[in-house]
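**Q** Structure in structure tokens, see below.
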Amino acid sequence: MRTPSAIETAAWALTGVLAAVAMIYIMQKSSSNASISRQSSVEAKESKSDRAAQASPTVFKDKYALGKRLGSGSFAIVRQGVELTTGKTFAVKCIDTSSLSSADAAALKQEISILKQLHHPNIMALHEVYTEANYTYLVTELLDGGELFDRIVEKTFYSEKEARDVVRVVLDAIKYCHGRGVVHRDLKPENLLLTSKSDDASIKVADFGFAKHDDLSTGLGTACGSPGYVAPEILQRQKYGKAVDIWSLGVITFILLCGYPPFHNDNQAKLFAAIKLGTFKFKSPYWDDISDDAKDFISKMLCLEPAQRWTAEQLLKHCWLTGVNISTAPLATAMDELKKYNARRKFKAAVRTVQVTAALSRAQKTE
Numbered sequence: 000m001r002t003p004s005a006i007e008t009a010a011w012a013l014t015g016v017l018a019a020v021a022m023i024y025i026m027q028k029s030s031s032n033a034s035i036s037r038q039s040s041v042e043a044k045e046s047k048s049d050r051a052a053q054a055s056p057t058v059f060k061d062k063y064a065l066g067k068r069l070g071s072g073s074f075a076i077v078r079q080g081v082e083l084t085t086g087k088t089f090a091v092k093c094i095d096t097s098s099l100s101s102a103d104a105a106a107l108k109q110e111i112s113i114l115k116q117l118h119h120p121n122i123m124a125l126h127e128v129y130t131e132a133n134y135t136y137l138v139t140e141l142l143d144g145g146e147l148f149d150r151i152v153e154k155t156f157y158s159e160k161e162a163r164d165v166v167r168v169v170l171d172a173i174k175y176c177h178g179r180g181v182v183h184r185d186l187k188p189e190n191l192l193l194t195s196k197s198d199d200a201s202i203k204v205a206d207f208g209f210a211k212h213d214d215l216s217t218g219l220g221t222a223c224g225s226p227g228y229v230a231p232e233i234l235q236r237q238k239y240g241k242a243v244d245i246w247s248l249g250v251i252t253f254i255l256l257c258g259y260p261p262f263h264n265d266n267q268a269k270l271f272a273a274i275k276l277g278t279f280k281f282k283s284p285y286w287d288d289i290s291d292d293a294k295d296f297i298s299k300m301l302c303l304e305p306a307q308r309w310t311a312e313q314l315l316k317h318c319w320l321t322g323v324n325i326s327t328a329p330l331a332t333a334m335d336e337l338k339k340y341n342a343r344r345k346f347k348a349a350v351r352t353v354q355v356t357a358a359l360s361r362a363q364k365t366e
């Protein structure tokens, strides 16, 4: 088993400390102020979800038993669910619809509509939906294999061919979405999950909370996405479409091959400025062992002008994805950089948790 580097060990340790601080912060606020609103405390949301789970039997409760918490969001708790008749496990997103604004309710309706129409082996599947008085339950397949990037950095061997194979799988799923007029709008490593811990686990594109049907006549206009992966046309507040997904996957492909992102700056304003310029380089020595075909493939994805950016269908025919003579040599430098990047990514996620907790605390004091 690989011994973690000093950077990884420190980052993971800090991640744990920050996550613990966040949890303590929430617990203290929950216990000291019984009047905290549903919107201002994730723990309050979870408590309300628990009370709903213990209420009198409903259609959902007759069929599923809720288990451990898997995650949480603004108005939802995701829990493991067991189908009582079969014993099969699922992920259940428990959404408190009583706290949703009209816009949030419309977004939820659209997310459900989109998930119902997507049936692809590499897209998270929606099993069924239950709509009740104050809660909506989205029952989806359980993806308990963790994040794709976490699995990659655990490997002892990683090559350009393996990176290529990952990109081809994700791109095929995106082509499927685009063929049905669906734009994901939030492609990032956190949303590329694995079905299990086994070596032959399938990759799944998940989290369609920002997904929307593409309006071919006027385009989309809502600013959304994640810093570092967001397309320049979104930052420039232009109308946009499916090409934003291609840009995001281009950033992911870049990282998979060299271990660091094409646009990076700790200052978000400077990061966004760099993305809007769209200038990136294949720096030595990180790209010395990467094929010219791979570099050309990325250039077709990270094209500043959306109309000139290749579509998913075009990219699937690119020689980098269709070729057979692709390197299987270990990408040692890329792997080292990817481990550092992944550790920083996890650390920043923990920092964001603390920031959100602090913001919630300030909001409580003003009530």
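Counting with numbering that gives the first Met the number 0, you get residues 0 to 366 for the letters of the sequence shown.
The beta-carbon is built from N, C-alpha and C at its ideal position, and this holds for glycine as well.
On a predicted model such as this, the values are computed, not experimentally measured, just so you know.
(1) Please name the residue in V165, H212, G249 whose C-alpha comes closest to that of V229.
(2) With DSSP collapsed to three states, give me the class of P226.
(3) Check each candidate in A311, K316, R308, G70 and name the one with the smallest Cα separation from D143.
(4) What are the uninterrupted segments assigned as beta strand (DSSP E) that are 3 or more residues long and contained completely in the region 151-231, given in chain order?
(5) Let's test the definition: count the other Cβ atoms within 10 Å of the Cβ of L170 and tell me whether it reaches 16, buried, or not, exposed.
(6) Roughly how many angstroms lie between the CA atoms of N190 and N264, to the nearest whole one?
(7) What's the call for F271, buried or exposed, on a 16-neighbour Cβ count within 10 Å?
(8) Tell me which same chain residues have a C-beta within less than 8 Å of the C-beta of L320, skipping the five on either side of it?
(9) Identify the residues that DSSP records as bridge partners of R68: which are they?
(10) Can you give me the Cβ contacts of G145 inside the same chain, cut-off strictly under 8 Å, excluding the 5 residues immediately before and after it?
(11) Please state the DSSP three-state secondary structure of I388.
(12) Report the CB separation of V128 from Y134 in whole angstroms; it is logged as a contact under 8 Å.
(13) Just tell me which of A306, L256, K269 has its CA closest to the CA of D292.
(14) Please report the residue range of the beta strand (DSSP E) in which C93 lies.
(15) Going along the chain, which residues of its own chain have a beta-carbon closer than 6 Å to the beta-carbon of M334, five neighbours each way excluded?
(16) Would you kindly check if the distance between the Cβ of H183 and the Cβ of F207 is under 8 Å?
(17) Under 8 Å between the Cβ atoms of T332 and P284?
(18) With a threshold of 8 Å on Cβ separation, who are the neighbours of A64 within its own chain once the five nearest residues in sequence on each side are excluded?
(19) Please go through the same chain and pick out, in chain order, the residues whose beta-carbon is closer than 6 Å to the beta-carbon of N341, but skip the five residues on each side of it.
(20) Taking the C-alpha atoms as reference points, what is the distance between C318 and W309?
(21) Leaving out five residues on either side along the sequence, give the residues of the same chain with a beta carbon under 6 Å from the beta carbon of G180.
(22) Please name the residue or residues paired with P329 in a DSSP beta bridge.
**A** For this structure:
(1) For the purposes of this step, residue 229 is taken as the residue at position 230 of the sequence shown. For V229, the nearest C-alpha among the options comes from G249.
(2) Taking the sequence shown and counting its residues from 1, the one referred to as residue 226 is at position 227. In this structure, P226 counts as coil in the three-state DSSP scheme.
(3) For the purposes of this step, residue 143 is identified with residue 144 of the sequence shown, where counting begins at 1. Answer by Cα proximity: G70.
(4) With a minimum length of 3 residues, the continuous beta strand (DSSP E) runs that stay inside the region 151-231 are 191-193, 202-204.
(5) Along the sequence shown, read from residue 1 onward, the residue named residue 170 stands at position 171. Counting Cβ neighbours within 10 Å, L170 comes out buried, since at least 16 surround it.
(6) Counted from its first residue, the sequence shown places residue 190 at position 191. Counted from its first residue, the sequence shown places residue 264 at position 265. Taken atom to atom, the span from the alpha-carbon of N190 to that of N264 is near 22 Å.
(7) In the sequence shown, counting from the first residue as 1, residue 271 sits at position 272. Around the Cβ of F271, a 10 Å sphere holds 16 or more other Cβ atoms; the residue is buried.
(8) What you label residue 320 is simply residue 321 of the sequence shown in a count that begins at 1. If we look at L320 and ignore the five residues flanking it on each side, its Cβ neighbours are R163, V166, R167, L170, F296, L314.
(9) Indexing the sequence shown from 1 puts residue 68 at position 69. When beta bridges are read from the DSSP output, R68 appears opposite R78.
(10) Numbered from its first residue, the sequence shown carries residue 145 at position 146. L192, L193, K196.
(11) Shown here, the chain extends from 0 to 366; a query on residue 388 therefore has no answer.
(12) As a working note, residue 128 is residue 129 in the sequence shown. As a working note, residue 134 is residue 135 in the sequence shown. Rounded to whole angstroms, the Cβ separation of V128 and Y134 is 11 Å, and the two are not in contact under 8 Å.
(13) For the purposes of this step, residue 292 is identified with residue 293 of the sequence shown, where counting begins at 1. Across the set A306, L256, K269, the C-alpha of L256 shows the shortest separation from the C-alpha of D292.
(14) Taking the first residue of the sequence shown as position 1, residue 93 is located at position 94. Here the beta strand (DSSP E) through C93 covers 88-95.
(15) Start at 1 with the first residue of the sequence shown, and residue 334 comes out as number 335. Within the same chain, M334 has close Cβ partners Y157.
(16) Translated into the one-based positions of the sequence shown, residue 207 becomes position 208. Translated into the one-based positions of the sequence shown, residue 183 becomes position 184. Yes; because the gap between Cβ atoms is below 8 Å, this pair is in contact.
(17) Along the sequence shown, one-based indexing puts residue 332 at 333. Along the sequence shown, one-based indexing puts residue 284 at 285. Between T332 and P284, the C-beta spacing is below 8 Å.
(18) What you label residue 64 is simply residue 65 of the sequence shown in a count that begins at 1. For A64, where only same-chain residues beyond five positions count, the Cβ hits under 8 Å are G80, V81, L83.
(19) Mapped onto the sequence shown, residue 341 falls at position 342. Around N341: F148, V152.
(20) Locating residue 318 in the sequence shown gives position 319, counting from the first residue. Locating residue 309 in the sequence shown gives position 310, counting from the first residue. Each residue's Cα considered, the two are about 13 Å apart.
(21) In the sequence shown, residue 180 corresponds to position 181, counting from 1. For G180, where only same-chain residues beyond five positions count, the Cβ hits under 6 Å are H212, D213.
(22) Residue mapping note: residue 329 aligns to position 330 of the sequence shown, counting from 1. Beta-bridge pairing by DSSP links P329 to S158.
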